[in-house]
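Numbering (UniProt numbering), first residue to last: 1 to 211.
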């Protein structure tokens, strides 16, 4: 019975990997659009989010049907729930990439990221991509050790987030409230994207421990 569960659960794992790749691509493209005021690329990110939503529903349906039909034992049931939680966090990562893209669309043809903040957002996008890349590998190979690194890696994003506010709240900030609000929102999107990536890493660790 457990062997049957594990065999069918492989399709769930495969869908999670596909989701992880999709949300990594989404944030990479959203970041490029943000830093270059690329309207077409930003619109592409928002359009492609429907694919992530479909993948989430696929995982949700597969987990539900698997649990219903196989009635798994405690350990396997926890694996199924961990997979569903990972899918939820991945879907939210996709939404956060869309928020970045929509900020670009909202301010076009101006850039949503003030020039004074461009280097910080470039650094934040790099950290976000590194976290997402590790998720893809960790999910693909059930790499518990790699997944465990994500919590520490997130410290870099937290530091950049603090630096962002130091710049915007400094007495010589030249751009006023609107640009600061844009910066604060964008910083929050990147910070939450990283937090969700850490959550996925923890779910991968849980899955690896039960395999």
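Beta carbons: idealized from backbone N, C-alpha and C, even for Gly.
Contacts around residue i, its chain only, beta-carbon distance under 8 Å, and the 5 residues preceding and following it disregarded
| i | result |
| --- | --- |
| residue 61 | none |
| residue 174 | 116 |
| residue 206 | 78, 79, 82 |
Spatial distance of residue i from residue j (CA atoms)
| i | j | result |
| --- | --- | --- |
| residue 59 | residue 164 | 36 Å |
| residue 32 | residue 132 | 16 Å |
| residue 35 | residue 180 | 16 Å |
| residue 178 | residue 83 | 40 Å |
| residue 117 | residue 152 | 24 Å |
| residue 145 | residue 107 | 41 Å |
| residue 172 | residue 157 | 24 Å |
| residue 99 | residue 93 | 10 Å |
| residue 187 | residue 162 | 9 Å |
| residue 23 | residue 119 | 22 Å |
| residue 154 | residue 196 | 10 Å |
| residue 75 | residue 127 | 33 Å |
| residue 25 | residue 114 | 23 Å |
| residue 170 | residue 123 | 20 Å |
| residue 15 | residue 50 | 15 Å |
| residue 101 | residue 190 | 12 Å |
| residue 48 | residue 134 | 22 Å |
| residue 198 | residue 121 | 19 Å |
| residue 129 | residue 166 | 23 Å |
Beta-carbon spacing of residue i, residue j below 8 Å
| i | j | result |
| --- | --- | --- |
| residue 139 | residue 52 | no |
| residue 204 | residue 90 | no |
| residue 66 | residue 8 | yes |
| residue 137 | residue 21 | no |
| residue 168 | residue 183 | yes |
| residue 12 | residue 54 | no |
| residue 37 | residue 110 | yes |
| residue 39 | residue 96 | no |
| residue 103 | residue 160 | no |
| residue 27 | residue 193 | yes |
| residue 56 | residue 86 | no |
| residue 45 | residue 71 | no |
DSSP three-state assignment for residue i, whether helix, strand or coil
| i | result |
| --- | --- |
| residue 49 | helix |
| residue 38 | coil |
Near the ligand GDP: residue i beta-carbon under 7 Å from a heavy atom
| i | result |
| --- | --- |
| residue 58 | In the structure shown, the ligand GDP is absent, as is every other ligand, since no ligand is present at all. |
Interface flag, residue i vs chain D, CB-CB below 8 Å
| i | result |
| --- | --- |
| residue 147 | The chain labelled as chain D is not found in the depicted structure, where only one protein chain is given. |
Sequence-distant residues of the same chain with beta carbon closer than 6 Å to residue i, five excluded per side
| i | result |
| --- | --- |
| residue 1 | Here residue 1 scores only 46 on pLDDT, less than 50, and its place in the model should not be relied on; the value that follows carries that caveat. The answer is none, since no qualifying residue turns up. |
| residue 208 | 142, 144 |
| residue 6 | none |
| residue 125 | 31 |
Which ranges does the beta strand (DSSP E) cover as unbroken runs of at least 3 residues, wholly within the stretch 119-202, from first to last along the chain?
Those beta strand (DSSP E) runs which fall completely within the stretch 119-202 and span 3+ residues do not exist here.
Complete alpha helix (DSSP H) runs within the stretch 62-118 (minimum length 4 residues, chain order):
Correct list: 74-107.
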